[in-house]
Every structure is written in C-alpha cells, then in structure tokens.
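Colleague: In my numbering, the protein residues as written are 1114 to 1303.
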C-alpha cells in the first residue's frame, strides 16, 4: 500500500502544479456590489538559507513551518532526541551518529507509539515483510511502534528531507490502518 501511495504521489503533485488556478467568483444580487471573499491566512514561509540535513535543526525548521511543535528532549553522546507534536501525530525523532555538539548526524529515526490493537507478533512480522520503508516493532512493555529511518548526507536537499517526511506520514497511515485491521490490511498488501 505504501509503495502505491509513493508512486502515485509525484504524479498527483505534478497534476496539481500544472492545473490552472481558478479565478475567485462571487455572485451578488442585482444592483448590489459583491464583497471580496476573505483571504486565507498566509502559510508559514519555508525556512530560508542553506539546508543541512545532518543538522537536526534543519528538520525541526521544516516541521515547524508545517505547524508542528518541537522540543529537543535530550542529547546523548552521539544522539539528539526531539519530541514532535503535530495535528497528524505526536512522535519522536532520534538523530544518530552525531558529533558531541549534536551536528553532523548520520541518520534519523522517526518513531510513533501506536494504540493497542489486535495485531499479533506474527502479523507484525508479516507487515514488515510487505512494507519497503516502514517497520513495526513491539517494545518491552508490549506497545507497538511504527518507525521510519533515513541515512543523512550533507548533499540531502530540503526537498529530499520533505520527501522523507511525506514517507513518514505514509508510514503513520499504514501503521494505523494495520493496527485497526491487521488481517484486512495484510490481505490487501502488495
């Protein structure tokens, strides 16, 4: 399911970008002037300046521009942990292989604890065999987590990072669908 979504996404984005914008229309009663429709609130601007995917702040800026609330929860020798709260989900990001200053990180792991569902360990293993990019595991407390990870390079662009975040959203959706109905999900998995 995730693969199909990722294959369709670029085509849908291209169609949306190529579609002409509709001119606003408002109908007024004869003899009355039309009042203009209120303008929508402006979207937050994308962060300006250079983008360095190996710096956790760059990913944090992308998520903040999308309206997420972020907090660096802790730093360890070579890791930075960030708590993220958004309209879609609350999750954590762990940047690994970082310098002691929390920069030049080698990878990021996005993790979401999921609500309990009827999935068995065997079904979770089957999910992992059908998903190219997402994994589900069960922690020591028996809570299922969906995770997505990516290797980071200084050459990773802002668009590349945004694509990772879109893939993560797909993992969240697939994980929720799976946990709601593991048998049905696996029956339809590619």
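Ideal Cβ placement from N, Cα and C applies to all residues, glycine included. Treat the numbers as computed from the prediction; the structure is a model and nothing was measured.
1) May I ask you to verify whether the segment 1164-1174 touches the segment 1210-1219, counting CB pairs closer than 8 Å and requiring at least 3?
2) Could you check whether residue 1280 and residue 1221 sit closer than 8 Å to each other, using their CB atoms as the reference points?
3) Quick one: what does DSSP say residue 1173 is sitting in, helix, strand or coil?
4) For residue 1225, list the residues DSSP reports as bridge partners.
5) Using a Cβ-based criterion (distance less than 7 Å to any ligand heavy atom), does residue 1167 qualify as near the ligand GTP?
6) Quick one: Cα of residue 1133 to Cα of residue 1274, how far?
7) Can you tell which of 1231, 1241, 1299, 1226 has its C-alpha closest to the C-alpha of residue 1252?
8) Between residue 1192 and residue 1208, which are expected to be in contact by the criterion C-beta below 8 Å, what is the C-beta distance as a whole number of angstroms?
9) What separation, rounded to the nearest whole angstrom, lies between the Cα atoms of residue 1199 and residue 1183?
10) Identify, in the order they occur along the chain, each residue of the same chain with its Cβ nearer than 6 Å to the Cβ of residue 1271, setting aside the five sequence neighbours on each side.
11) Shortest alpha-carbon distance to residue 1228 belongs to which of 1211, 1256, 1205, 1171?
Modeller: The structure says:
1) When Cβ pairs closer than 8 Å are counted between the two stretches, the segment 1164-1174 is seen to touch the segment 1210-1219, the count reaching three or more.
2) Here residue 1221 refers to the residue found at position 108 when the chain shown is read from its first residue. Here residue 1280 refers to the residue found at position 167 when the chain shown is read from its first residue. Using a Cβ distance threshold of 8 Å, residue 1221 and residue 1280 do not count as a contacting pair.
3) What you label residue 1173 is simply residue 60 of the chain shown in a count that begins at 1. Three-state result, residue 1173: helix.
4) Your numbering for residue 1225 matches position 112 in the chain shown. According to DSSP, which records beta bridges pairwise, residue 1225 is partnered with 1259.
5) Ligands in the displayed structure: none, and consequently the ligand GTP is not present.
6) Walking along the chain shown from the start, residue 1133 turns up at place 20. Walking along the chain shown from the start, residue 1274 turns up at place 161. Confidence in residue 1133 is poor, its pLDDT being 41 and thus under 50, which makes the residue's placement too unreliable to answer from.
7) Here residue 1252 is taken as the residue at index 139 of the chain shown, counted from 1. Considering only alpha carbons, the answer is 1226.
8) Along the chain shown, read from residue 1 onward, the residue named residue 1192 stands at position 79. Along the chain shown, read from residue 1 onward, the residue named residue 1208 stands at position 95. About 6 Å separates the beta carbons of residue 1192 and residue 1208, which is inside the 8 Å limit, making them a contact pair.
9) As a position in the chain shown, residue 1199 is number 86, starting the count at 1. As a position in the chain shown, residue 1183 is number 70, starting the count at 1. Each residue's Cα considered, the two are about 9 Å apart.
10) Taking the first residue of the chain shown as 1, we reach residue 1271 at position 158. Here residue 1271 has 1164 as same chain residues with Cβ atoms under 6 Å from its own Cβ, once five neighbours each way along the sequence are excluded.
11) As a first step, residue 1228 is located in the chain shown; it is residue number 115 there, counting from the start. Selected option, being the one with the closest Cα: 1256.
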